[in-house]
Amino acid sequence: PFQILMVNMKLFAALVLVATSVSSFTLTNSPRFTRQALILNNGKIGVFFGTSTGSTEEAAEKIQEAFGDVAVGPIDVDAIQGNIGEEFSKYDALVVGTPTWNTGADTERSGTGWDEIYYGEMQDLKIQGKKVAVFGLGDSVSYGENYADGSGELHDVFEGLGCQMLGYVSQEGYLHEKSKAIRGDKFCGLLLDAVNQEELTDERVANWVEQLKTEGILDGSSSGTIPAPEVTTVPEPAVAAVDSIEDTLARLERENAELKKLLESDAQSPQAPSQPAEAPLMVHPVNGEAFTPHTNLQTGKTMWVSQNGRSCYYTTTTKMSASRVAP
Ligand SMILES: Cc1cc2nc3c(=O)[nH]c(=O)nc-3n(C[C@H](O)[C@H](O)[C@H](O)COP(=O)(O)O)c2cc1C
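Numbering (mature numbering (1 follows the signal peptide of the UniProt record, and there is no 0)) for the sequence shown: -24 to -1, 1 to 303.
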């Protein structure tokens, strides 16, 4: 009974632990906590742009608005030169945009502050694995052979730093002839044309932002956010290695069944020694309890089982051994 009480006390302690951890888990998953985490999650995405005459800045504003509170900016790269690494490190993902100028040149095609940092300051950045999506402005009719070439350069600089590039867009519906912003059969980001297709800008931005969400721009690590609530794992309660009464009875029943089977097979065998039809009861010399014998003719052992099934003894031939297996 003492052992059973001990086990029950452990189970009770485990139940208390489970109840406590369940209530604390419920608390950390309450709407209030989730709302707080969401507020601190604001700014997962930084929207950056370069511009010469303002079109790319306007597009950047639309993109930030389409993302809502999870995006910060838009931030002009001219304003953060010399501090690019620190600025980029504030965000889990970057959305970066550029126009195209300097037609015909191979590099430094943006005509903005990006050209100053691509092959200088940016080359020291350790932003491997950061999610980056590119957008770009150009004139797909007047510069149809070089439509948004500068977006391709912006893409390649970030990709060269080991960033995870997102947001590739189909060329369908555009008016260009050629572009250095094509990767595979797609544009390497969202291309816009504020000169010839301005009426398509809002829809293109909305679709692209949805695409980026689907591609997981908001997933993954979240610097500056509350870590996910820790769930306490309750270890399995340690149950003392004591056979329960039920287990002992089940074991005795199994042994009984085995012995019975052996007795039956012995009875059918012609060489088997004759067995009494009714097994005699044996009375315990000390407490007077009656025991039923079950003899294994192969081993010569007899198992004596008390009437309530809680005790048993083994004997060989007539001599009783002291191998009591259950109290
Ligand atoms: C001199 C000049 C050169 C340009 N070169 C290109 C070009 O090579 N490819 C292109 O797609 N657009 C070109 N454009 C169009 C601009 O990229 C487009 O007007 C863009 O919207 C400007 O963006 P921003 O206002 O942010 O500077 C050029 C425009 C001018 C005036």
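Using N, Cα and C, we set each Cβ at its ideal position, and we do this for glycine too.
Would you identify the three-state DSSP class for residue i, choosing helix, strand or coil?
i: ARG180; result: helix
i: GLN187; result: helix
i: ALA298; result: Reliability fails at ALA298, whose pLDDT of 42 lies under 50, so the model's placement of it is uncertain and the value that follows must be treated cautiously. Correct three-state label for ALA298: coil.
i: TYR289; result: strand
i: LEU225; result: helix
i: LYS162; result: strand
i: ALA157; result: coil
i: GLN99; result: helix
i: ASN232; result: helix
i: ASP52; result: strand
i: residue 325; result: Because the chain here runs from -24 to 303, residue 325 falls outside it and cannot be looked at.
i: SER198; result: Any reading at SER198 is ruled out, since the residue's pLDDT is 39, under 50, leaving its predicted position unreliable.
i: PRO211; result: Summary for PRO211: the model assigns pLDDT 43, below 50, so the residue's position carries little reliability; its value from the coordinates is reported in the next sentence. Three-state result, PRO211: coil.
i: ASN122; result: coil
i: GLY149; result: coil
With residue i as the anchor, note down where its alpha helix (DSSP H) starts and where it stops.
i: LEU168; result: Premise fails: LEU168 lies in the beta strand (DSSP E), 166 to 168, not in any alpha helix (DSSP H).
i: VAL133; result: 125 to 136
i: GLN173; result: First-last for GLN173: undefined, no H or E at that position.
i: GLY61; result: 60 to 65
i: ASP91; result: 90 to 93
i: ALA81; result: Per DSSP, ALA81 belongs to no alpha helix (DSSP H) and is neither H nor E.
i: ALA42; result: 31 to 43
So the beta strand (DSSP E) residue i belongs to, where does it begin and stop?
i: ALA109; result: 107 to 113
i: SER282; result: 277 to 282
i: HIS270; result: 266 to 272
i: ILE21; result: 21 to 25
i: VAL71; result: 69 to 74
i: LEU142; result: 140 to 142
Looking at residue i and ligand 3, is the gap between the Cβ and the nearest heavy atom below 7 Å?
i: ALA157; result: Ligand 3 is absent from the structure shown, which contains only ligand 1.
Worksheet item: Hey, which residues come within less than 6 Å of ligand 1, measuring from Cβ to any heavy atom, in chain order?
Response: Checking every Cβ against the heavy atoms of ligand 1 under 6 Å gives THR27, SER28, THR29, GLY30, SER31, THR32, PRO75, THR76, TRP77, THR79, LEU113, GLY114, ASP115, TYR119, ASN122, TYR123, ALA124, ASP125, ALA170, VAL171.
Worksheet item: So does the stretch 162 to 173 actually touch the stretch 46 to 54, counting three or more Cβ pairs closer than 8 Å?
Response: With a cut-off of 8 Å, the stretch 46 to 54 and the stretch 162 to 173 do not count as touching, because too few Cβ pairs lie within range.
Worksheet item: When the Cβ atoms of the stretch 113 to 132 are set against those of the stretch 145 to 162, are three or more pairs found closer than 8 Å?
Response: As far as the Cβ criterion goes, the stretch 113 to 132 touches the stretch 145 to 162, which means the pair count is three or higher.
Worksheet item: Using 8 Å as the Cβ pair cut-off and three pairs as the minimum, do the stretch 92 to 108 and the stretch 27 to 41 touch?
Response: The stretch 92 to 108 makes no contact with the stretch 27 to 41, as fewer than three CB pairs between them are under 8 Å.
Discussion item. Pairs of beta-carbons, one from the stretch 158 to 167 and one from the stretch 136 to 147, closer than 8 Å: are there three or more?
Written reply: Cβ pair count under 8 Å is three or more, so yes.
Item to complete: Specify whether the stretch 68 to 76 and the stretch 121 to 131 touch according to this definition: at least 3 beta carbon pairs, one from each stretch, less than 8 Å apart.
Response: At 8 Å Cβ cutoff, the stretches touch.
Worksheet item: Taking three-plus beta-carbon pairs below 8 Å as touching, is the stretch 104 to 116 in contact with the stretch 130 to 142?
Response: Here the stretch 104 to 116 lies against the stretch 130 to 142, with 3 or more beta-carbon pairs under 8 Å apart.
Worksheet entry | Stretch pair the stretch 22 to 32 + the stretch 178 to 195: three plus CB contacts closer than 8 Å | These segments do not touch.
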